[in-house]
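Right, one structure below, let's go through it.
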Amino acid sequence: MRFRQVHLDFHTSEHIEDIGKKFNKKQFQTALKKGHINSITLFSKCHHGWAYHPSKANEIHPHLDFDLLGAQIQAAHEIGVKTPIYLSAGLDEKMAHRHPEWLVRNLDESTTWAKDFTEPGYHKMCMSSPYLDYLVKQIEEVCNNYDADGIFLDIAGVQPCYCQNCIAKREELGLNPYDENDVLKHAEMVYKRYAEKTRAAVDKYKPNLSLFHNGGHIRQGRRDLVNYNTHLELESLPTGGWGYDHFPFSARYCQGLGVDYLGMTGKFHGSWGEFGGFKHPNALRFEVALAAANGAKCSVGDQLSPSGEMDMVTYDLIGSAYSELEEKEEWLDNVESVADIAIISPEAYVGDLSTGQMTKVDDSGSGVCRIMLEGKYLFDVIDFESDLSKYKVIILPDVIRADIDFAKRLREFCDCGGKVLATGKSALYENSNEFCLNLGAERIKENPYKPDYFRPLEKIKGMGDTGYIMYGNGEKIRCIGNELGIRENPYFNRTRAHFCSHQHTPNSCEYGGAGMTEGKDGIYIAWNIFADYAQSGELHLKQMAIFALDRLLDSAKTLKTNLPAQGIVTLMKQNDRLICHLLYASPVKRGNGIEVIEDILPIYNVELAIKTDKKINKVYLAPQKEDIDFTYDDGYISVKLDKIECHQMVVFE
């Protein structure tokens with residue numbers, strides 16, 4: 028898979044005329060060269076339902092009078108640029124109007140995306156309807172007629188539906204057409220049939236051609252769904268609703284699946300369909316570097332004007348990032364992550380988050396990801412099929428209860444020297460309130476006070492001898508091991524009948540049980556600190572987690588650095604060398620909560636130390652190929668970087 032891709036949206040209304048009139052092969056090629064692009068996803072069919080080429084399986088856009096797709100493919104291939112082909116699978120507004128009986132329906136008969144036909148917007152098609160056969164013929168046609176380098180099917184996922192086709196089919200299968208579990212079971216069947224039929228359609232003319240089904244998010248813990256794809260494309264536009272938390276957490280999961288993948292951002296200030304909107308070049312430089320630092324290729328979203336003319340300002344913008352990426356590629360391909368810590372994905376545990384389209388990481392996942400990044404830990408995100416043995420610490424964030432099999436695996440991991448950090452209800456058995464590991468704690472009940480307070484008994488960096496507010500849900504526990512911190516109760520819960528001050532009741536300093544405990548298998552914190560950190564951002568929550576992780580890792584921590592909190596660090600192994608990525612940018616909120624990167628300030632005098640059993644003969648900066656001095660100290664190879672601006676690779680050979 029190519030490193031420098033563009034996803035060229037072309038959703039174009041039938042009410043716009045002169046489609047493609049300004050398309051010019053040379054201008055198209057100039058834009059691709061200016062953008063340093065080596066793969067571009069081109070449109071066969073858009074969300075409005077129109078084809079952009081002559082078609083018997085579909086209808087060409089009413090105001091397009093030539094084969095635009097064919098001309099684009101020819102122009103791209105002439106200069107060595109690959110051309111995956113896009114078809115809108117889940118949205119087809121032309122057919123939505125002609126066949127409203129083919130639409131996905133909610134229980135109240137409303138439609139999805141646009142709730143009905145009184146507002147502007149698309150309406151999602153049901154794959155249990157005859158629409159699927161209509162789509163399959165379009166896929167077959169484009170694979171037969173064009174030199175496609177891949178197929179991208181958009182708006183595809185497990186979709187519960189109450190349309191008459193689905194209700195009738197569930198009754199035929201002996202399912203309850205309105206029972207939520209049966210509806211979901213049927214939705215899984217419908218998606219499986221869709222995935223199998225579309226794969227067969229591709230293979231009919233282009234056996235083994237790459238195929239990706241995009242649903243806006245790679246669902247963690249659903250490897251069966253992942254396996255319908257030849258590769259993964261992580262749609263994750265930070266300003267488009269995904270935020271800057273989504274990609275790192277998704278990437279740390281996807282890299283462990285063993286399939287090629289890319290990170291998809293956009294050139295837009297906001298999201299898809301924003302004509303005339305541009306993010307700052309520094310934002311795109313950072314987002315492209317972030318993909319590279321996580322072992323991913325990159326794709327940048329754009330939308331072509333109805334005229335077919337490429338916007339050169341856009342390709343100047345993309346080129347500012349891709350020109351840098353091009354210089355770095357030899358250190359980016361075929362890498363695997365080096366990680367001390369594995370996070371069990373809350374999404375993989377909580378089944379109701381594993382279906383449908385989801386673009387945001389849940390709060391527990393978001394909070395633990397932020398703390399890992401800000402604390403400069405090397406981590407992967409894993410599911411219940413992953414190998415635990417290669418990690419030093421497993422984090423069970425907030426909600427991860429254990430069944431008998433997983434509890435056994437965790438105990439085996441700990442018996443071999445591994446440690447566990449569990450928070451909230453994590454590490455309790457699935458069907459009881461007993462801990463499955465020795466974490467120094469015994470559960471009594473759910474804590475009756477919210478919020479309450481945590482007072483450390485050990486020296487925790489950044490914290491003192493006082494009670495710290497804890498907003499998250501908590502568990503009342505008894506310490507049966509080493510007590511590292513305690514819970515203190517407020518005077519009372521805030522209610523209409525009794526309240527104090529502006530926000531919540533102050534600390535009574537009454538002992539409310541243990542708050543952080545330690546046993547032979549690891550450490551337990553009796554609150555949902557990761558969800559709390561995502562919601563409140565209280566610094567002491569991060570300080571508690573960092574204290575616990577550093578205590579568990581002890582001298583086994585692979586990487587140390589003084590990079591500031593907003594910096595990001597990853598470590599990748601490529602053949603016999605290690606490549607450390609250091610990034611720094613600071614998003615700020617503008618407008619209605621959009622995170623914007625404009626200024627990237629250089630960071631000076633960055634210290635970096637790597638622990639490895641490999642003999643290191645040379646350390647240098649990449650792509651500069653500039654050697655830097657290094658020292659051995661207490662088992663670590665240490666270097667000092669004079670300056671980091673946006674992204675710097677340090678190579679250990």
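Sequential numbering from 28 applies to the sequence shown in the working numbering.
We put the CB at the ideal spot given by N, CA and C, even for glycine.
Bear in mind that the values here come from a model prediction, so they are computed numbers and not experimental data.
*Given a cut-off of 8 Å, decide if residue 496 and residue 478 are closer than it, judged by their beta-carbon atoms.*
The residue given as residue 478 occupies position 451 in the sequence shown. The residue given as residue 496 occupies position 469 in the sequence shown. In this structure, residue 496 lies closer than 8 Å to residue 478 by Cβ.
*Could you spell out where the alpha helix (DSSP H) holding residue 167 opens and where it closes?*
Indexing the sequence shown from 1 puts residue 167 at position 140. Residues 158-172.
*Residues bridged to residue 255 (per DSSP)*: Position 228 of the sequence shown, counted from the start, is the residue given in the question as residue 255. Bridge partners of residue 255: none, in fact.
_Exposure label - residue 431; buried when at least 16 CB within 10 Å_ = As a first step, residue 431 is located in the sequence shown; it is residue number 404 there, counting from the start. The residue is exposed, with fewer than 16 neighbouring Cβ atoms inside 10 Å.
*asked:* If you follow the beta strand (DSSP E) that residue 460 is in, where does it begin and where does it stop?
replied: For the purposes of this step, residue 460 is taken as residue 433 along the sequence shown, with counting starting at 1. Residue 460 -> no beta strand (DSSP E), and no H or E assigned at all.
*asked:* If you follow the beta strand (DSSP E) that residue 511 is in, where does it begin and where does it stop?
replied: Start at 1 with the first residue of the sequence shown, and residue 511 comes out as number 484. Element bounds for residue 511: 509-517.
_Quick check for students: name the residue ranges of the alpha helix (DSSP H) that lie wholly in the segment 115-146, counting only runs of 4 or more._
Segments of the alpha helix (DSSP H) lying fully in the segment 115-146: 120-125.
*Exposure label - residue 583; buried when at least 16 CB within 10 Å*: If you number the sequence shown from 1, residue 583 lands on position 556. Residue 583 comes out exposed.
*asked:* Here's the rule I'm using: 16 or more other beta-carbon atoms within 10 Å means buried, otherwise exposed. How should residue 522 be labelled?
replied: Taking the sequence shown and counting its residues from 1, the one referred to as residue 522 is at position 495. So residue 522 ends up on the exposed side.
*Should the segment 195-205 be regarded as contacting the segment 170-185, the criterion being three or more beta carbon pairs within less than 8 Å?*
no
_Close-in-space but distant-in-sequence residues of the same chain around residue 2 (CB under 7 Å, 5 per side omitted)_ = The chain is shown only over 28 to 680; residue 2 falls outside these bounds and no answer can be derived.
_Under 8 Å: do the segment 99-119 and the segment 337-355 share three or more Cβ pairs, one atom per stretch?_
no
*Short check: CB of residue 541 to CB of residue 573, under 8 Å?*
The residue you call residue 541 lines up with position 514 of the sequence shown. The residue you call residue 573 lines up with position 546 of the sequence shown. No. Outside cutoff.
*Coil, strand or helix - residue 217 by DSSP*: In the sequence shown, residue 217 corresponds to position 190, counting from 1. Reduced to three states, the DSSP call for residue 217 is helix.
_Quick check on residue 362: buried or exposed, where buried means 16 or more other Cβ atoms within 10 Å of its Cβ?_
Locating residue 362 in the sequence shown gives position 335, counting from the first residue. Classification for residue 362: buried.
*Exposure of residue 619, with buried meaning 16 or more beta-carbon neighbours within 10 Å*: Your numbering for residue 619 matches position 592 in the sequence shown. Label assigned to residue 619: exposed.
*Grab the span of the alpha helix (DSSP H) containing residue 374 for me, first residue to last.*
Here the question's residue 374 lines up with position 347 in the sequence shown. Element bounds for residue 374: 373-376.
_Could you tell me which whole alpha helix (DSSP H) segments of length 4 or greater appear in the segment 195-246?_
DSSP runs (the alpha helix (DSSP H)) wholly in the segment 195-246: 207-232.
*Mind the definition here: the segment 255-272 touches the segment 225-243 only if three or more C-beta pairs lie below 8 Å; say whether that holds.*
yes
_Stretch-stretch touch, CB-based, cutoff 8 Å, three pairs: the segment 443-450 with the segment 460-472_ = With three or more CB-CB distances shorter than 8 Å, the segment 443-450 counts as touching the segment 460-472.
*Under 8 Å, do residue 560 and residue 397 count as touching if we go by C-beta distance?*
Numbered from its first residue, the sequence shown carries residue 560 at position 533. Numbered from its first residue, the sequence shown carries residue 397 at position 370. Pairing residue 560 with residue 397 gives a Cβ-Cβ distance under 8 Å.
*Could you tell me whether the segment 46-57 touches the segment 335-342, where touching means 3 or more Cβ pairs closer than 8 Å?*
Counting C-beta pairs with one atom in each stretch, the segment 46-57 and the segment 335-342 have three or more that are closer than 8 Å, which means they touch.
*Count the other CB atoms within 10 Å of the CB of residue 144; is the residue buried (16 or more) or exposed (fewer)?*
As a first step, residue 144 is located in the sequence shown; it is residue number 117 there, counting from the start. With fewer than 16 other Cβ atoms within 10 Å, it is exposed.
*asked:* Using only CA atoms, which one of 248, 28, 607 and 554 lies nearest to residue 679?
replied: In the sequence shown, the residue the question calls residue 679 occupies position 652. The shortest Cα separation from residue 679 among 248, 28, 607 and 554 belongs to 607.
*For residue 148, which option in 676, 351, 324 and 120 has the closest C-alpha, if you only look at C-alpha atoms?*
Locating residue 148 in the sequence shown gives position 121, counting from the first residue. Among 676, 351, 324 and 120, the Cα nearest to that of residue 148 is on 120.
*Which whole-angstrom value describes the C-beta separation of residue 558 and residue 390, a residue pair presumed to lie in contact below a C-beta threshold of 8 Å?*
As a working note, residue 558 is residue 531 in the sequence shown. As a working note, residue 390 is residue 363 in the sequence shown. That pair is a contact at about 4 Å.
*What did DSSP end up calling residue 558 once you bin it into helix, strand or coil?*
Counting from 1 along the sequence shown, the entry for residue 558 is found at position 531. If DSSP states are grouped into helix, strand and coil, residue 558 belongs with the helices.
_Three CB pairs or more closer than 8 Å across the segment 586-600 and the segment 484-494_ = no
*Segment limits, beta strand (DSSP E) that includes residue 504*: Translated into the one-based positions of the sequence shown, residue 504 becomes position 477. In the DSSP annotation of this structure, the continuous segment of the beta strand (DSSP E) that includes residue 504 starts and ends at 502-506.
*Between residue 386 and the rest of its own chain, which residues show a CB-CB distance below 6 Å, the 5 nearest in sequence each way excluded?*
Here residue 386 is taken as the residue at index 359 of the sequence shown, counted from 1. Note that residue 386 has pLDDT 48, beneath the 50 cutoff, so the model's placement of it is unreliable and no number is given.
*Beta carbon of residue 231 nearer than 8 Å to that of residue 170*: As a first step, residue 231 must be located in the sequence shown, where it is residue number 204. As a first step, residue 170 must be located in the sequence shown, where it is residue number 143. Against a cut-off of 8 Å, the Cβ pair of residue 170 and residue 231 comes out as a contact.
*asked:* Cutting at 7 Å between CB atoms, please list the residues of its own chain near residue 380, excluding the five before and the five after it.
replied: Here residue 380 corresponds to residue number 353 of the sequence shown, with the count starting at 1. Since pLDDT at residue 380 reaches only 42, below the 50 mark, its modelled position is unreliable, and the value read off the structure follows with that caveat. Excluding positions up to five away in sequence, the list reads 374 and 389.
*Tell me residue 634's beta-bridge partners as DSSP assigns them.*
Translated into the one-based positions of the sequence shown, residue 634 becomes position 607. According to DSSP, which records beta bridges pairwise, residue 634 is partnered with 667.
*Out of 403, 579 and 569, which has the shortest C-alpha to C-alpha gap to residue 637?*
On the sequence shown, position 610 is the one that residue 637 refers to. Of the listed residues, the one whose Cα sits closest to residue 637 is 403.
*Nearest to residue 439 by CA position, among 125, 415 and 475, is which residue?*
Position 412 of the sequence shown, counting from 1, holds the residue named residue 439. Closest option to residue 439, Cα to Cα, is 415.
_Span of the beta strand (DSSP E), counted from its first residue to its last, around residue 612_ = Here residue 612 refers to the residue found at position 585 when the sequence shown is read from its first residue. Element bounds for residue 612: n/a, residue is neither H nor E.
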